[in-house]
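S.K.: Same order as they appear, the protein sequences are chains A and B.
Per the numbering used here: the first sequence ends with 378, consecutive numbering throughout.
Per the numbering used here: the second sequence ends with 2187, consecutive numbering throughout.
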Amino acid sequence: MKIAITADLHLVTQKEHPERFRALEKILDTLVDQEINQLIIAGDLFDISSNQPGEFEKVAGKAKYSKIQYHIIPGNHDPAIAEGTFVFPNIHYYFQPTITMLDKDIPFVFVPFKKGKTMGEVLSTVQELKTLDKWVLVGHGDWISGTVEGNPYEKGIYMPFSNRDIQYYHPDLVFLGHIHSPKDTPIIHIPGSACAVDSSEYGYRSFLIFSSENWKIERSTIDSEVIYFSEQLVVLPTDDEESFLRNEIDKKIKAWNLTDSDLSKVVLKVEAKGYSRNRDKLTKIIRDGFTHCKFLNSSQLDISEVKIAEGLIQESILKTAKERLDKLELDYKEYGINREEVLLAVVETIYGGRK
Amino acid sequence: MTIHIDSISVKGLGPISSINWSLKAINLIYGKNEHGKTYLVEYVLRSLFKNSPKTRALTDSGQVIVTGFESGKKTFSPRSAEKIDSLLFPSNGALVDLSRLCIIKEGKSNFDSASYSTISKTNLKEYLSDQSVLNKISEEIKGVVSKDSTIEDGKIVTTRNVGIVKKWHDSTERTKSFEDIFREINQEYSLGLANKARLELGIAEEESKKQKKAKCALANELSEQIATLTIETQSITDDMLNQAKTLINNLQVIDDRIQRTQDRLSEITPNSVHFLWLSTAIAECEKHPDVIIGKVSPLFFILSILLLLSTVVISFFQPYVSIGLGVLTLLFFILYVVQYRKQALNQDGRVEIEKIFKEFEERFGERALSLATLKSKLAYISPINAEIDVLTKQIAQEKREYLIQQNLVKSHLIELNIHSSDSKVQLEEIEKIKRSQDQKKSSLRNLENELFKLGISPEDYFNGTSEVIYDSNQEEKLNDQIERLNLVIKEEETKADSLKRRVCDKTRDDFVTPWDVVIEHLRERYNDAIVEQKDLCLKIVSGIIVSNVIAELNEKEDENIDLALKSPQIVNPIRAINPNYHGIDLYGEEILVFNDSQRFNLNDISTGAKDQILFALRIGLAEHVLQGEKMFFILDDAFQHSDWERRVALVDELGNLAKTGWQVLYFSMDDHIRDLFNKQLAPKFQDQYQYFEL
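#1: A:D126 bridges to which residues according to DSSP?
#2: Distance, Cα to Cα, B:E1645 vs A:A278?
#3: How would you list, in chain order, the residues of chain A whose beta-carbon sits under 8 Å from the beta-carbon of B:G1656?
#4: Residues of chain A with CB closer than 7 Å to the CB of B:E2212, please, in chain order.
#5: Give the C-beta separation of B:I1877 and B:N1764 to the nearest angstrom, bearing in mind that I take them to be a contact with Cβ-Cβ under 8 Å.
#6: Is it true that the CB of B:S1916 sits closer than 8 Å to the CB of B:L1744?
#7: Spatial neighbours of B:G1586 within its chain, please: C-beta separation below 8 Å, excluding the five flanking residues on both sides.
#8: Do you know how far the Cα of B:H1528 is from the Cα of B:F2170?
#9: Buried or exposed: where does B:D1578 fall if 16 or more other Cβ atoms within 10 Å of its Cβ makes it buried?
#10: Along chain B, which residues have their Cβ under 8 Å away from the Cβ of A:K178?
#11: Any C-beta of chain B within less than 7 Å: which residues of the segment 343–375 of chain A qualify?
#12: Identify the contact partners of A:R187 in chain B, using a Cβ-Cβ distance below 8 Å as the criterion.
#13: Going by beta carbon distance, what residues of the same chain come within less than 6 Å of B:N1520, once the five residues before and after it are set aside?
#14: Can you give the beta carbon distance from A:D4 to B:S1683, rounded, assuming they're within the 8 Å contact cut?
#15: Tell me, to the nearest whole angstrom, how far the beta carbon of B:D2163 is from that of B:Q2133; I am working on the premise that it is less than 8 Å.
#16: Restricting to runs no shorter than 4 residues, where is the alpha helix (DSSP H) found entirely within the segment 29–68 of chain A?
#17: Below 8 Å, can you find three or more Cβ-Cβ pairs linking the segment 1716–1724 of chain B to the segment 223–240 of chain A?
#18: In chain B, which residues lie less than 8 Å from A:P214 when you measure between Cβ atoms?
#19: Could you tell me which of B:A1879, B:L2114, B:A1774 sits nearest to B:E2050, measuring between CA atoms?
#20: Taking the beta carbon of B:Y2080 as the centre, do at least 16 other beta carbons fall within 10 Å, making it buried, or is it exposed?
#21: In the DSSP assignment, what are the bridge partners of A:D207?
#22: Could you say which of B:L2128, B:L1516, B:H2075 lies nearest to B:I2106 if we only look at CA atoms?
#23: Name, please, each residue of chain A whose Cβ falls closer than 7 Å to the Cβ of B:L2031.
#24: Measuring only the C-alpha atoms, how far is A:K304 from A:V258?
#25: Work out the CA separation of B:R2068 and B:F2126 for me, nearest whole Å.
#26: Starting from B:K1556, follow the beta strand (DSSP E) in both directions and report where the run begins and ends.
#27: With a threshold of 8 Å, are at least 3 pairs of Cβ atoms found where one atom belongs to the segment 1890–1908 of chain B and the other to the segment 1747–1758 of chain B?
#28: Please tell me whether A:E338 has its Cβ less than 8 Å away from any Cβ of chain B.
#29: Would B:V1626 pass as an interface residue toward chain A - the criterion being a Cβ-Cβ separation below 8 Å?
#30: With burial defined as no fewer than 16 other Cβ atoms inside 10 Å of the residue's Cβ, what is the status of B:L1815: buried or exposed?
#31: Could you give the first and the last residue of the continuous beta strand (DSSP E) run that contains B:T1643?
#32: How long is the line joining the alpha carbons of B:E1976 and B:A1697, rounded to whole angstroms?
#33: What's the call for B:T1495, buried or exposed, on a 16-neighbour Cβ count within 10 Å?
#34: Tell me whether A:W166 sits in a helix, a strand or coil according to DSSP, three-state version.
#35: Can you tell me which residues form a DSSP beta bridge with A:N320?
#36: Excluding the 5 residues preceding and the 5 following B:V1805 in the sequence, name in chain order all residues of the same chain whose CB lies nearer than 6 Å to its CB.
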């Protein structure tokens, strides 16, 4: 048996954010294609401003999705949804910690978001956990290990879940909503947002498919209409400033690992830093480089941090320094930096921007 | 190859509407203030050199054509990517800034001795090279980075932990400490365990309360049982039972005694049954005292015969003896006769007596020979009869006693609820009651012990129904569980408090700040620490890289200058401009000029000579860089601050320079200089002299 898991759809209305509904439909279409009849939504089905569950039912209630059973827990954005909200019998909304056998042998423990509580606190109220052998936790909150990175979508800590909880309660698998950035560890799997809610959620979005037979989890990419990326470019005032920049842009695009057709879905934010001899040409070069991509508005292409380069000797030093840097075998990971940042630091050291 | 500016054409450049000039060997461009001279200088410089001022918005319409390249003419504009520098030095990015050599700006002229009154090697390098830039960059890089830090095997190696390096290490430690505390939070922060323990504690305490209630109820029940048993045990005392038992035994003894008496009575009664008859018979017999019962005995008669015979016989032998015998025979005979006469006289009494004697024989089975026999019999029966009387009386007495005793027993037995009249049964019942009482006493003791063990004060007894049955094991188990859970909660709370204190120390939050806010602050501080650490690391890495490059360039710079100073390109212009001197040399930081016989410090020679030497030096360096080729000098009112006498000499020097193949472009707003050019150079250079006016 296969069970799909997604989270953080943040549905509002079709009018306001149609792409989020379409992302949901893409997931449901995949489920229909793969004959998967169980979908878990690990919180934040709706956005905080939404009070229209009917919008979701319009999609979920379509005839082609009639075989799908929806298992939903409330997230921190779902306080408006209360018991008795949903009309359709195939929509199961868990307001209290609930153990459900989605598969005949595997108990799924659904833990709804509780404001001001930790996951451990809520789990402690589920007496039956002791009796479970192998079980799956579905929750909505921050994973403490991941809190260092934080959730760019919203500040604060929501219903934190810690390694201590794993050690104490021994869930065999955890599906955690709330964090929009996808992540997979041996136990904890974060599906990430199904549809990017802002440009900080870059790259393909995906959902999870859990196979109860072998306990394997796969990621299935959602054919999103919009793919966000946010990039930083270093501009160097060299003879080949333009070609260097184009080359850097090409590298970025390649790193996205997108298909040609998906390139046109990219909505981009670029921040250029460094020094230029032809600052007035920069915008055009960058736009040309990312020709298939869209910028939401002019502020999404920011060259305000690019300064004018003066001095032949500085250029000469930079050229040599860059060659050195290219050959430099530095353990970037250990120091938490990358080559691009070092290059920018070199430029700023030479041109006086780094104090 | 001589590189000269062939022409300059531009439209709409500041106040300049349009120019289209063909340049010669010497070119004076004259313009008053606000006529566009500065615009034009910047236009030319930005068209030709990378390192040029960018202070004005320049027109797109215009070009500067330069001749002398291998490929022929080249057209430049401020927008063109290629500049003369990059065309002449395309690949190595050498330390050559042609603009610094070939452009002499107002107030920066080497011809102005005032600027170089104390010229040194450093000044020379500063002037002729980019030492000042290198120094400026080096100043930005901390010494501990440039001198004591390297990158080896992918690692940053620092030998001194001071300054920025120390800051970086401190920052790294700080970041690690944040990571450690995050790890601790991840390992310890849950609140679930304490909460679970609290929930379990709640259940256990509830169960414990029920047990307590049950215990109080049990205590009450026990106390009631004790009370009942106490009454029961006190209502039938051992004394009562013992007394009853004694009474029954006594009664039994009396009964036994009566029985024994009766037995005796029964035993002796047959012997005394003829006592009355015998007494009467004796009395009757005594009425006939002479009656001889039976035949008179022949004994006396026989004896008298025998004695008579004997007397006769003996009288033959012993007469005296026969007299005694005769008397005796007579006595016996008399006795016989008396008896016989009595018998004959009491015939009627004798019949009565014989009848008595006969009945006697019937009654006693023995013959009564005489009254004595009867009397003897009576004497024998009389004590028995007396005993019977005694016994009879005794029995009567004992039976009365028995009745009294029996009533006493009865009354005791009624108290003991024993209704049987059988003493054996009664005793059994009493034993039964005793056993029961013993049992009750034992139970009472047990109950009292049990109650004592419960340790409940009488005022806490609960007279009602409890939900559970009191179980001391369960109570103990619950108490242990409660104790353990309280311990767990305390431990968890202590741990959580300790962890929170450590986190609050880091975030400087008040301890009462909610956990989620504290963690958010911790994250912010951690991110700040990372930014700081990263920034410092980047400064160090970039500093190492750039300082290494600068060190190499400095080395190269020194070499370049030493070589240049000795090269014909330097030496020849000096000789040409001032034949008194053959070249220059460096001595430490000082610059010396020399001829065949002497060496002079540059600062010690005359100002005019020094200007000439420095100008020659500039030309020489330029030629050195251009490997002997000539180019052009652009002078932006370079002589403006020179006194008038020296201006003459300087203009002459420019003429001399032009003669060596260098092109001269002099921009001026000064009428005197314009006049000097027109007076001194125009005639000498004829068609190679060009005057432009803006």
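Just so it is clear, CB atoms sit at the ideal spot from N, CA and C, and this is done for glycine as well.
Every value quoted in this text rests on a predicted model; they were computed, and no experiment measured them.
M.R.: The answer reads as follows:
#1: Its beta-bridge partners are A:I129.
#2: Our two residues, B:E1645 and A:A278, have alpha carbons roughly 29 Å apart in a direct line.
#3: Here the premise fails: no neighbours, minimum Cβ distance about 15 Å.
#4: Since the first residue shown for chain B is 1494 and the last is 2187, residue 2212 of chain B is missing from the structure and cannot be characterised.
#5: About 5 Å separates the Cβ atoms of B:I1877 and B:N1764, confirming a contact at the 8 Å cut-off.
#6: For the pair B:L1744 and B:S1916, the CB atoms are nearer than the 8 Å cut-off.
#7: Here B:G1586 scores only 44 on pLDDT, less than 50, and its place in the model should not be relied on; the value that follows carries that caveat. No residues qualify anywhere along the chain.
#8: Each residue's Cα considered, the two are about 20 Å apart.
#9: buried
#10: Per Cβ cutoff of 8 Å: E2013.
#11: For the segment 343–375 of chain A, which is checked against every Cβ of chain B, the residues closer than 7 Å are T343, A344, R347, L348, L351, E352, L353, D354, Y358, G359, I360, E364, V365, A368, V369, T372, I373, G375.
#12: N1679, Q1680, E1681, Y1682, S1683, G1685, L1686
#13: L2158, Q2183
#14: Residue 4 of chain A is absent from the structure shown; chain A starts at 24 and stops at 378.
#15: B:D2163 to B:Q2133, Cβ: 6 Å. Contact.
#16: 41–56
#17: no
#18: By Cβ distance, chain B contributes nothing, its closest Cβ being about 21 Å from A:P214, past 8 Å.
#19: B:L2114
#20: exposed
#21: DSSP output for A:D207 lists A:H212 as bridge partner(s).
#22: B:H2075
#23: I360, E364, V365, A368
#24: 12 Å
#25: A straight line joining the alpha-carbon of B:F2126 with that of B:R2068 spans about 20 Å.
#26: Sequence check: residue 1556 of chain B is Gln here, not Lys. Unbroken beta strand (DSSP E) run through B:Q1556: 1555–1562.
#27: Under the 8 Å Cβ criterion, the segment 1890–1908 of chain B counts as touching the segment 1747–1758 of chain B, having at least three qualifying pairs.
#28: yes
#29: yes
#30: Going by the sequence as given, residue 1815 of chain B is Ser instead of Leu. Flag for B:S1815 reads buried.
#31: Bounds of the beta strand (DSSP E) holding B:T1643 are 1642–1645.
#32: 10 Å
#33: exposed
#34: strand
#35: Per DSSP, none; premise fails for A:N320.
#36: none
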